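K.L.:
So that we are looking at the same thing, I have put the structure below in structure tokens.
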Amino acid sequence: MSADVGRLTQDLILAGSRAVRHVPGAVGGLGTYFVALDELAAGQESHDWRRDEKILITRADRALERRRITSAVRWFDKALRVAYHPTLHMGAESPLVEDPEAFLRPLRASRTGQVLLESPIPEGTAPRRPGPRSGEGASGDGEQVVHLLVIAQQNWTFLRPLLDALRETGRFEILEFEVDGLPETDRPDRERILRARYDLVTEGRRIPTPERLVEAYEWADVAFVEWGHHILSWITMLDMAPRRLVARYHRFEAFTPFPLLHDHSVIDHLLHVSPPIRGLVTAIAPESTSVPTDIVGNLLSRGLGAVSDAPRDTRVIVQVGWNREIKDVLFSLDLIERLHREDPAYRLKLVGPGLPDLPAEDTPYQSRVRQRLAALPSGVVEQLGVRRDVPEIFAAAGVVLSSSFGEGTHESVMEGLATGCPAVVRDWPHARDYGGASSIYREQWVVPDVETAAQRIRELQDPGRYAEESVAAREWAVLHRSPERVVDDYDHALRASRC
4 MSADVGRLTQ
14 DLILAGSRAV
24 RHVPGAVGGL
34 GTYFVALDEL
44 AAGQESHDWR
54 RDEKILITRA
64 DRALERRRIT
74 SAVRWFDKAL
84 RVAYHPTLHM
94 GAESPLVEDP
104 EAFLRPLRAS
114 RTGQVLLESP
124 IPEGTAPRRP
134 GPRSGEGASG
144 DGEQVVHLLV
154 IAQQNWTFLR
164 PLLDALRETG
174 RFEILEFEVD
184 GLPETDRPDR
194 ERILRARYDL
204 VTEGRRIPTP
214 ERLVEAYEWA
224 DVAFVEWGHH
234 ILSWITMLDM
244 APRRLVARYH
254 RFEAFTPFPL
264 LHDHSVIDHL
274 LHVSPPIRGL
284 VTAIAPESTS
294 VPTDIVGNLL
304 SRGLGAVSDA
314 PRDTRVIVQV
324 GWNREIKDVL
334 FSLDLIERLH
344 REDPAYRLKL
354 VGPGLPDLPA
364 EDTPYQSRVR
374 QRLAALPSGV
384 VEQLGVRRDV
394 PEIFAAAGVV
404 LSSSFGEGTH
414 ESVMEGLATG
424 CPAVVRDWPH
434 ARDYGGASSI
444 YREQWVVPDV
454 ETAAQRIREL
464 QDPGRYAEES
474 VAAREWAVLH
484 RSPERVVDDY
494 DHALRASRC
């Protein structure tokens with residue numbers, strides 16, 4: 004009943020928004036905003052998001068002229084939410100990827116944007132930092148033990164294996180700081196961050212640092228912020244900073260406005276999961292080039308065990324993650340259709356969450372996927388759902404496939420390589436101008452289109468060629484993603500960031 008009431012309420016709000024969106028003033032602005040979010044979420048490609056962005060920016064600028072700062076910030080945030088709506092950036096074309104300068108120009112050129120995005124941080128407003136910490140203790144190899152404070156909000160997925168491995172070295176004492184553990188009044192949200200940015204660039208005023216974080220800063224040699232989104236913006240605008248501040252970017256953060264809002268002068272070291280991510284972040288936020296950077300990988304939580312000697316079916320292709328448009332499983336379905344016409348033994352196995360239970364709940368993209376799946380011969384595609392035995396699936400398969408429009412690294416490819424499963428990696432269109440997939444994987448594994456992917460898979464059917472490529476896949480994964488290699492990379496990056 005409550006769900007039905009919620010849907011009814013939402014429908015009424017949308018109906019009202021459609022009725023008033025052309026009305027002048029704030030009411031029309033809100034109507035524009037709610038209709039824009041609804042139509043973008045529904046995947047309506049005809050929606051004129053630039054028009055709506057302009058309307059919302061205009062509302063922000065008018066509020067700013069009247070010195071209604073809170074209102075200006077709220078309208079500008081609504082413009083950001085429209086421009087950065089995920090559906091605009093997860094398909095074949097992302098305006099942010101294609102031309103970052105053109106994408107950001109209306110935001111930066113507005114009066115509000117000039118203040119929030121273009122104004123320099125006033126001199127003499129740097130946050131205070133703790134004094135040098137007296138040395139205490141050393142690890143078994145004689146190196147000073149680093150007090151590492153790790154800051155994140157809810158999403159610790161990629162951190163857990165890494166933190167466990169760092170603890171095992173004996174060279175780190177680690178304190179985990181969950182932002183959601185703070186009182187609600189101290190937690191950052193978008194509106195607070197945008198207002199804090201305004202206060203910082205116009206008055207040099209910073210956010211008071213929560214007492215719990217002050218205590219953690221006093222303890223830590225280095226603070227490591229996971230995810231370069233709103234948490235990092237917040238950390239850089241506090242009135243206290245850690246002795247040294249290190250932050251890590253994945254792909255997701257580049258498709259949020261927050262890289263534009265960080266005070267980069269407070270960050271001592273940036274870590275990126277791949278060269279394309281560093282390239283995109285640099286294009287979006289040139290201020291980030293003032294910060295030393297390193298490329299560091301994730302620690303594989305699966306796959307680097309002993310290589311199975313069980314027989315493989317070299318005509319089985321495995322893809323992990325496929326129900327979102329950014330994964331472009333339509334590429335994979337075109338590929339398997341082409342191969343299956345030549346040899347019915349070819350099969351595609353899809354691992355991960357599937358389509359909605361009810362077709363009526365499909366996005367337009369999911370509807371196209373559903374139709375393509377239905378048109379393929381029975382059994383050629385297997386939907387395995389969410390699985391815990393992914394390494395075992397790879398160990399019995401012939402190829403790990405990445406078909407995405409864009410990725411940071413596509414960790415499942417790494418997992419497949421670790422089991423000795425050769426890779427076919429599409430040259431992700433969103434990454435091509437920033438180094439491409441071949442800046443991460445071997446060039447001979449990267450393909451530009453479906454036909455080249457099919458040809459690579461055909462070549463892998465030669466037993467001798469397959470054996471060589473299987474060995475090369477495993478060796479590459481061990482070289483780049485062995486726990487020892489990854490831990491050493493982080494150890495170096497974090498230890499180099501100490502006072």
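4 is the number of the first residue of the sequence shown in my numbering; add one for each residue after it.
Glycine is no exception: its CB is placed at the ideal position from the N, C-alpha and C atoms.
Here the structure is a predicted model, which is why all the values come from computation and not from measurement.
Tell me, to the nearest whole angstrom, how far the beta carbon of Ser473 is from that of Gly423; I am working on the premise that it is less than 8 Å.
P.N.:
Numbered from its first residue, the sequence shown carries residue 473 at position 470. Numbered from its first residue, the sequence shown carries residue 423 at position 420. Gly423 and Ser473 do touch by the CB rule: their CB atoms are close to 4 Å apart, below 8 Å.
K.L.:
Around the Cβ of Asn158, are there at least 16 other Cβ atoms within 10 angstroms (buried) or fewer (exposed)?
P.N.:
Translated into the one-based positions of the sequence shown, residue 158 becomes position 155. Result: exposed.
K.L.:
To which residues does DSSP link His233 through a beta bridge?
P.N.:
For this step, residue 233 is matched to residue 230 along the sequence shown. Beta-bridge pairing links His233 to no other residue.
K.L.:
If you run the structure through DSSP and keep just helix, strand and coil, what is Gln156?
P.N.:
Your numbering for residue 156 matches position 153 in the sequence shown. Coil at Gln156, not helix or strand.
K.L.:
Tell me which residues share the same chain as Asp297 and place their Cβ nearer than 6 Å to its Cβ, disregarding the 5 neighbours each side in the sequence.
P.N.:
On the sequence shown, position 294 is the one that residue 297 refers to. So the list reads Leu274, Ala496, once near-sequence residues are dropped.
K.L.:
Grouping DSSP H, G and I as helix and E and B as strand, with all else coil, what is Glu487?
P.N.:
By one-based count along the sequence shown, residue 487 stands at place 484. Assigned with DSSP and collapsed to three states, Glu487 falls in helix.
K.L.:
Going by the CB atoms, is the gap between Arg318 and Asp337 shorter than 8 Å?
P.N.:
Translated into the one-based positions of the sequence shown, residue 337 becomes position 334. Translated into the one-based positions of the sequence shown, residue 318 becomes position 315. No, the Cβ-Cβ distance between Asp337 and Arg318 is not below 8 Å.
K.L.:
Give the C-beta separation of Leu152 and Leu178 to the nearest angstrom, bearing in mind that I take them to be a contact with Cβ-Cβ under 8 Å.
P.N.:
Residue numbering aside, residue 152 sits at position 149 when the sequence shown is read from its first letter. Residue numbering aside, residue 178 sits at position 175 when the sequence shown is read from its first letter. Contact between Leu152 and Leu178 holds: CB atoms are separated by about 5 Å, below the 8 Å threshold.
K.L.:
Out of Arg341, His343, Gly388, which has the shortest C-alpha to C-alpha gap to Arg358?
P.N.:
As a working note, residue 358 is residue 355 in the sequence shown. With the sequence shown as reference, residue 358 is identified as Leu, and Arg is not the correct amino acid for it. Closest by alpha carbon: Gly388.
K.L.:
Here's a check: name, in chain order, each residue in its chain whose Cβ is nearer than 7 Å to the Cβ of Arg174, leaving out the five neighbours to either side.
P.N.:
Here residue 174 refers to the residue found at position 171 of the sequence shown. Only Ser142, Glu146, Val148, Val149, Asp494 meet the Cβ criterion.
K.L.:
To the nearest angstrom, how far is the alpha carbon of Ala112 from that of Pro289?
P.N.:
Indexing the sequence shown from 1 puts residue 112 at position 109. Indexing the sequence shown from 1 puts residue 289 at position 286. Each residue's Cα considered, the two are about 16 Å apart.
K.L.:
Can the beta-carbon of Arg251 be found less than 8 Å from the beta-carbon of Glu410?
P.N.:
Translated into the one-based positions of the sequence shown, residue 251 becomes position 248. Translated into the one-based positions of the sequence shown, residue 410 becomes position 407. No, these two residues do not count as a Cβ contact at 8 Å.
K.L.:
Look at the alpha carbon of Ala309 and the alpha carbon of Asp80, and state the distance between them as a whole number of angstroms.
P.N.:
Position 306 of the sequence shown, counting from 1, holds the residue named residue 309. Position 77 of the sequence shown, counting from 1, holds the residue named residue 80. Going from the Cα of Ala309 to the Cα of Asp80 covers about 50 Å.
K.L.:
Buried or exposed, going by whether 16 or more other CB atoms sit within 10 Å of the CB of Gly32?
P.N.:
Taking the sequence shown and counting its residues from 1, one reaches residue 32 at position 29. Gly32 should be labelled buried.
K.L.:
List, from N- to C-terminal side, the alpha helix (DSSP H) runs of 4 residues or more that fit wholly inside the region 381-455.
P.N.:
Secondary structure in the region 381-455: the alpha helix (DSSP H) runs of 4 residues or longer, each lying completely within the stretch, are 393-398, 414-421 in chain order.
K.L.:
From the DSSP output, read off the bridge partner residues of Thr296.
P.N.:
Taking the sequence shown and counting its residues from 1, one reaches residue 296 at position 293. Thr296 pairs with Leu273.
K.L.:
Can you look up Asp494 in the DSSP assignment and give me helix, strand or coil?
P.N.:
In the sequence shown, counting from the first residue as 1, residue 494 sits at position 491. Three-state result, Asp494: helix.
K.L.:
Can you say whether Glu48 is buried or exposed, counting buried as having 16 or more other CB atoms within 10 angstroms of its CB?
P.N.:
The residue you call residue 48 lines up with position 45 of the sequence shown. It is exposed - the Cβ of Glu48 has fewer than 16 other Cβ atoms within 10 Å.
K.L.:
In the DSSP output, what is Ala2 paired with across the bridge?
P.N.:
Outside the displayed range of the chain (4 to 502) lies residue 2, so it cannot be described from this structure.
K.L.:
Looking at the structure shown, is Gln47 part of a helix, part of a strand, or coil, going by DSSP?
P.N.:
Counted from its first residue, the sequence shown places residue 47 at position 44. It is coil, neither helix nor strand.
K.L.:
Would you kindly work out how many angstroms separate the C-alpha atoms of Arg477 and Thr259, rounded to a whole number?
P.N.:
The residue given as residue 477 occupies position 474 in the sequence shown. The residue given as residue 259 occupies position 256 in the sequence shown. Taking the CA atoms as reference points, Arg477 sits about 35 Å from Thr259.
K.L.:
Using a Cβ-Cβ cut-off of 7 Å (strictly less than) and excluding sequence neighbours within five positions of Leu162, which residues of its own chain qualify?
P.N.:
Sequence index remark: in the sequence shown, residue 162 carries index 159 (1-based). So the qualifying residues of the chain are Val153, Ala155, Glu229.
K.L.:
Find the nearest neighbour of Leu404 within the set Leu333, Glu364, Tyr36, Pro279, judged by alpha-carbon distance.
P.N.:
What you label residue 404 is simply residue 401 of the sequence shown in a count that begins at 1. Nearest of Leu333, Glu364, Tyr36, Pro279 to Leu404, Cα basis: Leu333.
K.L.:
My output table needs one value for Ile124: the three-state DSSP class, helix, strand or coil.
P.N.:
As a first step, residue 124 is located in the sequence shown; it is residue number 121 there, counting from the start. Residue state, collapsed to three classes: coil.
K.L.:
Look up Phe334 in the DSSP assignment and say whether it is helix, strand or coil.
P.N.:
Position 331 of the sequence shown, counted from the first residue, corresponds to residue 334. Helix at Phe334.
K.L.:
When the Cα atoms are used, what is the spatial distance from Pro133 to Met243?
P.N.:
Taking the first residue of the sequence shown as 1, we reach residue 133 at position 130. Taking the first residue of the sequence shown as 1, we reach residue 243 at position 240. Their backbone Cα atoms lie some 8 Å apart in a straight line.
K.L.:
Kindly indicate which residue of Asp192, Arg108, Ile238, Leu120 has the alpha-carbon position closest to the one of Pro531.
P.N.:
Residue 531 is absent from the model: the chain starts at 4 and stops at 502.
K.L.:
Counting only the same chain and skipping the five closest in sequence on each side, list residues whose C-beta sits under 6 Å from that of Gly207.
P.N.:
Within the sequence shown, numbered from 1, the residue matching residue 207 stands at position 204. If we look at Gly207 and ignore the five residues flanking it on each side, its Cβ neighbours are Pro125, Thr128.
K.L.:
Just confirm the distance between the C-beta atoms of Leu263 and Leu120, as a whole number of angstroms; I'd bet it's less than 8 Å.
P.N.:
What you label residue 263 is simply residue 260 of the sequence shown in a count that begins at 1. What you label residue 120 is simply residue 117 of the sequence shown in a count that begins at 1. That belief holds up - the Cβ atoms of Leu263 and Leu120 are roughly 5 Å apart, short of 8 Å.
K.L.:
Which two residues bound the contiguous alpha helix (DSSP H) that contains Ile329?
P.N.:
Position 326 of the sequence shown, counted from the start, is the residue given in the question as residue 329. First-last for Ile329: undefined, no H or E at that position.
K.L.:
In its own chain, which residues sit with a C-beta less than 8 Å from the C-beta of Val427, not counting the 5 before and 5 after it?
P.N.:
For the purposes of this step, residue 427 is taken as residue 424 along the sequence shown, with counting starting at 1. Within the same chain, Val427 has close Cβ partners Ile320, Val402, Val403, Leu404, Ser405, Trp448, Val450, Ala456, Arg459, Ile460.
K.L.:
Could you work out which residue in Arg114, Asp192, Glu462 is closest to Arg70 when comparing CA atoms only?
P.N.:
On the sequence shown, position 67 is the one that residue 70 refers to. For Arg70, the nearest C-alpha among the options comes from Arg114.
K.L.:
Leaving aside the five residues before and after Asp183 along the sequence, list all residues of the same chain whose C-beta is less than 8 Å from its C-beta, in chain order.
P.N.:
The count along the sequence shown starts at 1 and reaches residue 183 at position 180. Closer than 8 Å at the Cβ level, and outside the excluded window around Asp183, lie Gln156, Gln157, Arg190.
K.L.:
I need the DSSP call for Phe79, collapsed to helix, strand or coil.
P.N.:
Stepping through the sequence shown from its first residue, residue 79 is reached at position 76. Looking at Phe79 - three-state DSSP - the assignment turns out to be helix.
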